[in-house]
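Terminal number for the sequence shown in the working numbering: 180, no gaps in between.
In this text, a Cβ means the ideal position worked out from N, Cα and C, and glycines have one as well.
Report on the following structure.
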Amino acid sequence: MTQQEPITGATPVRRVVTGADSDGRSLFVSDASVNPSSEPAPGVYLTDLWVLDAVPARTDKLHLPHALEPPPGGVVFRIVEFPPDDQWKASQRGRVFGSNDYPDDEPTSDAMLHRTDTIDFITVLNGEIRAIAEDGHVDLKPGDTLVQRGTRHSWSNLTNRPCVVVAVLVSTRQPTSSES
């Protein structure tokens, strides 16, 4: 895997990976910084830490092109950094964040409202973030975890400092024979 050039303003994340030697003894096979792989909106940085295209898998697929969702039948483990809303949300008017062109993703005043074919496990590491559903919202603080089950949702950072979350996205789609 080649190291990506850093995205200006983004924070690299240390990734330590274990493995096994030829005798089956555990060891550390990698300890390196991973740079954010995408900036889907100004100041929003996605750092994919592990990507699978099938489960179980013994190697990661970090070399795959970046996508909001994992490959069918796969998993993405990432860090997301959300800046305060006033630093990026105005630039998103009329765009659906990471749009997957789902028929039920109708235009909305919230450019971040979207749905993915995944179940997501999201934990706030630092800062605060508002998780928004079509029928309400919940404010999350460090240590809080959200299980997002393939419903339309959005994010809002109403504070004046970035919010960092860890997210594990598990695909609910099965690979087709051409993707396996």
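{"Query": "Using a 10 Å radius around the Cβ and a threshold of 16 neighbouring Cβ atoms, would you call Gly9 buried or exposed?", "Result": "exposed"}
{"Query": "Count the other CB atoms within 10 Å of the CB of Glu134; is the residue buried (16 or more) or exposed (fewer)?", "Result": "exposed"}
{"Query": "If I measure Cβ to Cβ from Thr123 and keep anything under 6 Å in the same chain, skipping five residues before and after, which residues do I get?", "Result": "Thr145 and Val166"}
{"Query": "One question on the structure: do Asp48 and Gly74 come within less than 8 Å of each other, judged by their Cβ atoms?", "Result": "no"}
{"Query": "Counting only runs of 3+ residues fully inside the region 117-143, write out the beta strand (DSSP E) ranges in chain order.", "Result": "118-126, 129-133 and 136-140"}
{"Query": "Expressed to the nearest angstrom, what Euclidean distance is found between the alpha-carbon atoms of Leu169 and Phe77?", "Result": "6 Å"}
{"Query": "Would you call Asn160 buried or exposed, if buried means 16 or more other Cβ atoms sit within 10 Å of its Cβ?", "Result": "exposed"}
{"Query": "Whose CA, out of Gly24, Asp86 and Trp50, lies closest to the CA of Pro71?", "Result": "Trp50"}
{"Query": "Between which two residues does the beta strand (DSSP E) carrying Ala41 extend?", "Result": "Ser38 to Ala41"}
{"Query": "Please report the straight-line C-alpha distance between His63 and Gly24, rounded to a whole angstrom.", "Result": "26 Å"}
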